[in-house]
Amino acid sequence: MKALQLTVNGKKLQVMVPEHEMLSTVIRETLGMTGTKTGCSQGSCGACTVLVNQEPVLSCITPAFRCEGAEISTIEGLANAGELHDLQKQFVEKGAIQCGFCTPGMVMTALDFTRKNPSAKIQDIKEALSGNVCRCTGYKKIIEAVATYVSESQMKKGKNTKPAGAERKYGIGISRPSLEAGRKVQGMADYADDYPLKNALHVKFVRSLYPHAKITGVFTDEAKAMEGVRYIACGEELPVKFGVLPISQDELAMAIHKTRYVGEIVAAVAADTEAIAEKACQRIKVHYEPLKAYLTIDDSLKDAGESERIHEYGKYNNNVHKKAELRFGDQEKGLKEADIVSAMSFEMEGVSHGFTEPHAASAWWDENGLTIITATQVPHYLHRALARTLEVPLSRVRVIKPHVGGGFGGKSDPFPHEIIIAHIARKTGRPVRVRLNREEVFLTNHGRHPSRMTIRIGAGRDGIFNVLDADIAIDGGAYGSFGVVTSYYNGVLLQAPYKIENFGFKTYRVYTNKPQCGAMRGHGAVNSRFAVECLIDDLAHRLNMDPVEIRMKNFLDADSLTVGQYRITSNGSVESIRKVAEQSSWKKRHGALEYGHGLGVGCGFFISGSALPIIRNELPQSTVHLKVDFDGRVLISSGASDIGQGSDTMLAMIVGEELGLSPDMVFVLGADTLLTPVDMGSYSSRVTFMAGNAARDAAENLKREIINAVTASLGIPGGELLFSNNRVFSNDKTVDLDWNKAVEILTAKRGAVSVSGKYISPKLGGDFKGAGAGLSPSYSFGACVAEVRVDPETGHVKLLHVWGAHDCGKALNPMAVEGQLEGSWHMGIGQAMSEEMKYHEGLLLNNNFLDYKIPTSLDTPDFSTNIIETIDPEGPFGAKECGEGALHPVIPAIANAIYDAVGVRVTRLPIKADEVLALIQKKKLNEMKEQML
Amino acid sequence: MIAENKYMLAGSVDEALQAAKQYAGSYRFLAGGTDVISNKIQGNDTASCLIDISRIRELKEINGTGSWLKIGSLVKLEELKNHELIREEFPALIQAAHSVGSPLIRKTATLGGNLLCENRCVFYNQSEWWREAVGYCLKCNGDICIATGGKKNCFSKFVSDTAPVLIALNAEVEIADETGVKIIPVRQLYTSNGINSLAIPAGSLMKSIQLLPGTGLRCVFMKLRPREAVDFTSLTTAVSVDGNKKIKIVLGGVDPGPVIYEPEAGFDPEEMLEKVMKKPRMVDNDFYPRGYRREMIKVFIRRSLVELKII
Ligand SMILES: Cc1cc2nc3c(=O)[nH]c(=O)nc-3n(C[C@H](O)[C@H](O)[C@H](O)COP(=O)(O)OP(=O)(O)OC[C@H]3O[C@@H](n4cnc5c(N)ncnc54)[C@H](O)[C@@H]3O)c2cc1C
Ligand code: FES
Ligand code: FES
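Chains as they are written, first to last, in the working numbering: chain A, 376 to 1308; chain B, 31 to 341.
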């Protein structure tokens, strides 16, 4: 330890710091200024950017002592006496903030850049932000925010323009920033690792070095003897299995007797500091007896022979976890009758969510039982898993969701680290905290399954599809997670957006000795959608039809049933594809551009929430409470998890609209399992539809209460009253009350009033096994056109533009919808172009943000974003999902554009230059051969 | 016994050299620190004493007044483009510097540090735990190269993006040690041995990088990488030609050291490309397979020669 002098945001400080400490640690931990974030701790994501003597640095790789005597500026110092800096205002106004985890670093980088380049152009801004990774926004709104700031600053010179957002209108269908954007842009929003915790222990893990091995001994004596080590936990202490699905309770908090992937937790150390815990972990010796490892789909499909299987599971002596199969019509007959059939095999690597906030949690026990604050999308399922594994009643567990730095499905399972710290907190009687580093986040995985599939699709000469048959295998990794659902989704979600009579699929999900896969944005259907949309492109070319036209001919109608009895309500497929075709000048340009330059199209659809809850019971899928008290304020409490997508804001908008209240009267209390009613959580794109409907129902109920109270107090017959502009009135003005007056009447003699609303899906679907898979009260639809340039000598693909359109029913908050669409396209582009999880003998090779390649601002093309509105009859104000479905069409659009550019069909993801080049060369060779014949 | 961690801010070259002597064997100079610290975080750099040279003012200057252009070793990659003479005479150096990491990295990273950054390999640039799991490779005191499945040679990649350009431009560096200052060509900084890739002697400090303007030397720089920012190189090429049409080709990112090839006058381009392509000792430790990277050597060099109007 050595004394370090710093000036931080104008305040002179002296702190004692270890000599090799990094600046980020000093800022966050020594000074407690947690506005600065760390996403990778390796210089690759930009989240930790601060200014040192007015120059931006990555504080995670800047030694603190380099800053001796220096002036540090962090995000906390930017606003002036509560007034946001103009740049911050633009971030808020333009919707540049979703989860907000990248925001502090982004703002600091942009601040420096715009100071030095006061007349920067869009391309300069893209370039300047290319070291700051954002996983949520697709950068578009961030770039817009910075560009607007630049142009306004230029205009403002001398003049006094009115501050942004001064006269905002509020209401359904009108864009507004999220409730907490102001907090996030100032670094004031607390994420799981930001909570101060008195007297806490820190936990680190011993992780398996083998993909598949018997554990023959865990030796902890040396570690136990270390000063500062308080508790060491091993597998046997937590023997109860868990898993997010009731049918796949196959996980343990820590491995017992055997380990199933490299990186699986074998033991945990709690110590006074993280550093001690880490050292102690290194001193724990684990003896392993390696078993045959199953690392590929083929390994696991085969009979295991004498070797030990990964799980003792299933009828056969192999490592198949789940076989899902459904058939409608007759595929063989369909194939025979088709005039033309396209059949191809595809392979997709696994990809990871790449949320910028690493998992973190803290837990303690007191008279109320367990409290855990954790970065989760599903407080409710975690609540159940904790009660189960810790063997306490549900009433003894409280899960609090803080601000969450993105999830995308990767925070939608209960996790071992959460269970372990809860356990150690109980054993030691002390608060316990944990945070995973980026490598551990990658090892925790639950990302998209590596897949391979062979799909056949047939059509008549008229281009009408008559058959689709899919044969799919997905690599689930070591545990079940959402895998059973994934297995179905790969297949069932091919029964739309096109009419197909003879439709069938078979999916095998296998266990392998790798970190488990689970749910990721666009769950289950992204890969098979890619395959099908490529095949349709092929069909169109062979039939000499326009790929847009052929799709138009086959779309399902609104208000119809699919072959597997999904109820389609509103359907904006036609509008979507028309829009993107028109904007991209498709008719004129597709098939007509010079060699190396191409356009491609893809479509998609997705569920608006799974109609069936994971745990079958009679609970509503969402319940929302409203509380009104003497001050007139309405408190919405909901278990729905805002993880940056803006669901709290959505709830406030819906309730505000229903009750005719201005935004300052409506508050949201979100996702705390003690205080808020049950909501299933943020997965399957269910929140707007389900929690939104529950909120609406609650507001209706509150209205009824008010109407009853008011009419009774006036002695007039009950009936309808209107709620608008903070007033409650009747058309004839016999009732005309200020909201607060109405509330006074309501609460008189009774006190604060709480009402509740709920959502339960209608009974849907067919009467056959598997009919429930993919059932949803509503479906979203969409289309993308991508434009690429392919370098035929290198195979390099440059994405030039993406036009996207998505039918979300009704855009409650258009800016938030656009943000979801742009984020989805960005994530799709990552999977299409550069992202993959690569393994070496079961060991993940690219477990950091340098080697796992999320597109930077420079790799992300310009988006033309189109919202299509079709008004769903059951969605709140007509809304349906927009958070996942938009990802589906973009990947095939890119592959199809490559075909248009150079005439080769890419069947593997990610699309790598070497492969594109090989395909181009093969095609040339074939052409030469043909010419010679 | 773990030595106590030390951090010192050197105020001058002499102070830095003194400190290096005092902590011989356990120190590391820190310029921008972007490479050192990343390697420290992963436990690959275990130096217990960090000698921060970033405040030595005399190493931050660019001096173009003499016949040689002297670029202080601490000049940041981002700053090179602000210098008129560099812009006019050596645009390829600016492009190379601009291709390093991200804008944030380039605002901290120095030219000297870039020349001396550590070789990389996917089996080496990993956490302590990871390397234990894979069974430590040659570069971290193991017995075999894991990328090749057991060879006794280390094939870590030489990754500096500015070095190929500087070699192609015949740059020299000023190296100071206790005994004084000597000047060596950039290429002599490297051993081409993956395990210990740097030839700069312990206890010495790079003061500047020197280039001779006005020779009519022209240079083309290219870099292959998956993303347009952040990524290290999968292949870096620099091709220069002087007034006498003498060509120099330098490759980075494909071999444990920079690969230099100077074709004889009157060469046959395709034959030459074939030869250059075969020179690097390349293994599969990159985002792209090695066959592809080899092929790209040809494409990049051919394109560079076309750009230089040689073919
Ligand atoms: C996310 C990320 C991306 C990166 N991308 C690239 C890339 O694309 N291309 C690339 O080439 N590099 C890249 N790097 C590595 C590194 O940032 C650069 O090589 C950078 O130029 C190193 O410069 P530095 O000043 O930070 O060096 P430092 O880390 O300070 O030093 C590097 C080495 O040089 C020695 N050294 C530095 N200066 C002197 C001197 N004057 N005298 C003697 N020894 C000295 C140090 O002791 C150390 O051994 C990347 C790093 C990160 C974190
Ligand atoms: S946390 Fe510093 S760059 Fe990612
Ligand atoms: S808002 Fe950028 S990472 Fe979430």
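The beta-carbon is built from N, C-alpha and C at its ideal position, and this holds for glycine as well.
Interface residues of chain B facing residue i [CB-CB closer than 9 Å]
i: residue 662 of chain A; result: Neighbours of residue 662 of chain A on chain B: none; closest Cβ ~15 Å, over 9 Å.
Per-residue contacts from residue i into chain A (C-beta, under 9 Å)
i: residue 82 of chain B; result: 438, 440 and 441
Collapsed DSSP secondary structure at residue i in the structure displayed
i: residue 160 of chain B; result: helix
i: residue 1306 of chain A; result: helix
i: residue 1267 of chain A; result: helix
i: residue 384 of chain A; result: coil
i: residue 1086 of chain A; result: helix
i: residue 700 of chain A; result: strand
i: residue 252 of chain B; result: strand
i: residue 910 of chain A; result: helix
i: residue 542 of chain A; result: coil
i: residue 978 of chain A; result: strand
i: residue 1064 of chain A; result: helix
i: residue 875 of chain A; result: coil
i: residue 79 of chain B; result: strand
Residue-chain proximity (residue i, chain A), Cβ-Cβ < 9 Å
i: residue 220 of chain B; result: no
i: residue 70 of chain B; result: yes
i: residue 343 of chain B; result: Nothing about residue 343 of chain B can be reported from this structure: the residues present for chain B run from 31 to 341 only.
i: residue 60 of chain B; result: yes
i: residue 67 of chain B; result: yes
i: residue 35 of chain B; result: yes
i: residue 326 of chain B; result: yes
i: residue 124 of chain B; result: no
i: residue 53 of chain B; result: no
i: residue 291 of chain B; result: no
Ligand 4 heavy atom lying under 8 Å from the CB of residue i
i: residue 450 of chain A; result: No copy of ligand 4 appears in this structure; the ligands present are ligand 1, ligand 2 and ligand 3.
Proximal chain B residues relative to residue i, where beta-carbon distance stays under 8 Å
i: residue 431 of chain A; result: 134 and 137
i: residue 571 of chain A; result: The contacting residues do not exist; residue 571 of chain A stays about 25 Å from chain B at best.
Contact with chain B by residue i, beta-carbon distance below 9 Å
i: residue 594 of chain A; result: no
i: residue 484 of chain A; result: yes
i: residue 637 of chain A; result: yes
i: residue 1195 of chain A; result: no
i: residue 453 of chain A; result: no
i: residue 395 of chain A; result: yes
Residue i: contacting residues in chain A (beta-carbon distance under 7 Å)
i: residue 319 of chain B; result: 1289
i: residue 162 of chain B; result: 584
i: residue 64 of chain B; result: 418 and 436
Check: residue i C-beta below 8 Å from any heavy atom of ligand 1
i: residue 147 of chain B; result: yes
i: residue 255 of chain B; result: yes
i: residue 262 of chain B; result: yes
i: residue 66 of chain B; result: yes
Check: residue i C-beta below 8 Å from any heavy atom of ligand 3
i: residue 481 of chain A; result: yes
Proximity test, residue i beta-carbon vs ligand 2 heavy atom, cut-off 8 Å
i: residue 442 of chain A; result: no
Neighbour list for residue i in chain B, Cβ cutoff strictly below 7 Å
i: residue 1220 of chain A; result: 152
i: residue 316 of chain A; result: The structure shown does not extend to residue 316 of chain A, since chain A is modelled only from 376 through 1308, so no value can be given for it.
i: residue 577 of chain A; result: Correct list: empty, because the minimum Cβ distance to chain B is about 17 Å.
Problem set entry | Residues within the stretch 905-919 of chain A neighbouring chain B, beta-carbon criterion of under 7 Å | none
Problem set entry | Where the stretch 1022-1036 of chain A meets chain B: residues whose CB sits under 7 Å from a CB there | none
Exercise. If you measure beta-carbon to beta-carbon, which residues of the stretch 583-613 of chain A are closer than 9 Å to chain B?
Worked result: 583, 584 and 585
For this session: Check each residue of the stretch 251-270 of chain B: if its Cβ is closer than 9 Å to any Cβ of chain A, include it; give the result in chain order.
Result: 254, 256, 257, 258, 259, 260, 261 and 262
For this session: Pull out every residue of the stretch 410-425 of chain A whose Cβ sits closer than 7 Å to any Cβ of chain B, in chain order.
Result: 416, 417, 418, 419, 421 and 424
Problem set entry | Within 8 Å of chain B by C-beta, residues of the stretch 1225-1259 of chain A in sequence order | 1225, 1226, 1228, 1230, 1231, 1232, 1233 and 1234
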